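Visitor: Numbering (full-length UniProt numbering), first residue to last: 1 to 183.
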Amino acid sequence: MHKATISTGRRITTYMYGRTMLIRMLKKFTKERDLIRPSVTKFAISYLTLACLNEHKGALMTIFSSKESKDSKFSTTRDGKQVENNVLNNGLWKNIVICLHAVAPLIKVLRLVDSDEKPATGFIYNGMDCAKQNIKQNFNNVQKSYEPIWNIIDERREAQLHMPLHVVAYYANPHFHYSSLKK
Numbered sequence: 001m002h003k004a005t006i007s008t009g010r011r012i013t014t015y016m017y018g019r020t021m022l023i024r025m026l027k028k029f030t031k032e033r034d035l036i037r038p039s040v041t042k043f044a045i046s047y048l049t050l051a052c053l054n055e056h057k058g059a060l061m062t063i064f065s066s067k068e069s070k071d072s073k074f075s076t077t078r079d080g081k082q083v084e085n086n087v088l089n090n091g092l093w094k095n096i097v098i099c100l101h102a103v104a105p106l107i108k109v110l111r112l113v114d115s116d117e118k119p120a121t122g123f124i125y126n127g128m129d130c131a132k133q134n135i136k137q138n139f140n141n142v143q144k145s146y147e148p149i150w151n152i153i154d155e156r157r158e159a160q161l162h163m164p165l166h167v168v169a170y171y172a173n174p175h176f177h178y179s180s181l182k183k
């Protein structure tokens, strides 16, 4: 579902940014906001774009429901009709929300890792555990909804993070093991 939703989101943004009239309408209805946010990683930019699409759902639906859009030459093309159908399809918006529920906590961990403020090595394990719990909450503790995502996280964690350096950094981090002394 993630791959198809990201692909549809990419088609919408590519189509819109390729047409001056639609860009003008987008700027008008979103108060000069863009649908694409810059990001360091390909993973994050795909989901940040979905977040922007979701944020501007009303504006996009207004654009593709408007008389100006319906009367344009774009609405008669195959691509134009497909994009219009995608934007006006409630299923797309539900899938976007599901995708965002799954990855928003992971993007926070990614920001922690990319941050230059403090060394992230000692925080990655705990960050991933917190992300998993947040994903579980985002899916209202419904195991069949969050479990496939947890399985992917665990597979990646085992392959990429299961290194002595990360384990030692976690266990040597006083932030997690002596937090009761702060109180």
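In this text, a Cβ means the ideal position worked out from N, Cα and C, and glycines have one as well.
Values in this document were obtained by computation on a predicted structure and should not be read as measured data.
1) Once the 5 residues before and after GLU84 are set aside, which same chain residues still bring their CB inside 6 Å of it?
2) My output table needs one value for GLU155: the three-state DSSP class, helix, strand or coil.
3) Quick one: grab the DSSP three-state call for THR20.
4) Which residues mark the beginning and the end of the alpha helix (DSSP H) in which VAL109 is found?
5) So the alpha helix (DSSP H) ILE63 belongs to, where does it begin and stop?
6) Under the rule that 16 or more other beta-carbon atoms within 10 Å means buried, what is ALA159, buried or exposed?
7) Can you tell me which of the three DSSP states THR8 falls into?
8) Kindly give me the distance between the Cβ atoms of LEU100 and ASN54, rounded to whole angstroms, as I take these residues to be in contact under 8 Å.
9) Among ALA104, GLY127, ASN86, SER75, which residue has its Cα nearest to the Cα of LEU112?
10) Is any beta-carbon of chain B found at less than 8 Å from that of CYS99?
11) Rounded to whole angstroms, what is the Cα-Cα separation between LYS183 and LYS108?
12) Given ARG11, which residues of its chain have a CB within under 6 Å of its CB, disregarding the five upstream and five downstream residues?
13) Our contact map puts ASN90 next to MET1 with C-beta atoms below 8 Å; I'd like the distance itself, whole angstroms only.
14) Is it true that the CB of PRO105 sits closer than 8 Å to the CB of ASN134?
15) Quick check on ASN134: does DSSP put it in helix, strand or coil?
16) Which residues in the same chain as ASN138 place their Cβ atom closer than 6 Å to its Cβ, once the five residues preceding and following it in sequence are excluded?
17) Distance check for PHE123 and residue 224, CA to CA, integer angstroms please.
18) Are the beta-carbon atoms of LEU50 and ILE6 separated by less than 8 Å?
Guide: Walking through what the data contain:
1) On the sequence shown, position 84 is the one that residue 84 refers to. Here the set comprises PHE64.
2) Counting from 1 along the sequence shown, the entry for residue 155 is found at position 155. Residue state, collapsed to three classes: helix.
3) Numbered from its first residue, the sequence shown carries residue 20 at position 20. THR20: helix per DSSP, three-state reduction.
4) Your numbering for residue 109 matches position 109 in the sequence shown. Taken as a continuous stretch (DSSP letters only), the alpha helix (DSSP H) holding VAL109 covers 90-114.
5) For the purposes of this step, residue 63 is taken as the residue at position 63 of the sequence shown. Looking at the DSSP string, the run of the alpha helix (DSSP H) that includes ILE63 is 57-65.
6) Position 159 of the sequence shown, counted from the start, is the residue given in the question as residue 159. When all chains shown are included, ALA159 counts as exposed.
7) Stepping through the sequence shown from its first residue, residue 8 is reached at position 8. If DSSP states are grouped into helix, strand and coil, THR8 belongs with the helices.
8) In the sequence shown, residue 100 corresponds to position 100, counting from 1. In the sequence shown, residue 54 corresponds to position 54, counting from 1. Contact holds; Cβ gap of about 7 Å.
9) On the sequence shown, position 112 is the one that residue 112 refers to. Per the Cα distances, GLY127.
10) Of the protein chains in this structure there is only one, and it is not chain B.
11) To locate residue 183, count along the sequence shown from 1; it is residue 183. To locate residue 108, count along the sequence shown from 1; it is residue 108. At LYS183 the pLDDT is 47, less than 50, meaning the model places this residue with poor confidence and gives no usable figure here.
12) Numbered from 1 along the sequence shown, position 11 holds the residue referred to as residue 11. No residues qualify anywhere along the chain.
13) The count along the sequence shown starts at 1 and reaches residue 90 at position 90. The count along the sequence shown starts at 1 and reaches residue 1 at position 1. In fact, because the Cβ distance is near 15 Å, the residues do not count as touching under 8 Å.
14) The count along the sequence shown starts at 1 and reaches residue 134 at position 134. The count along the sequence shown starts at 1 and reaches residue 105 at position 105. Yes, they are a contact pair.
15) For the purposes of this step, residue 134 is taken as residue 134 along the sequence shown, with counting starting at 1. Note: ASN134 maps to helix in three-state DSSP.
16) Taking the first residue of the sequence shown as 1, we reach residue 138 at position 138. Within the same chain, ASN138 has close Cβ partners HIS101.
17) Only positions 1 to 183 of the chain appear in this structure, which leaves residue 224 out of reach.
18) Residue mapping note: residue 50 aligns to position 50 of the sequence shown, counting from 1. Residue mapping note: residue 6 aligns to position 6 of the sequence shown, counting from 1. Contact: yes.
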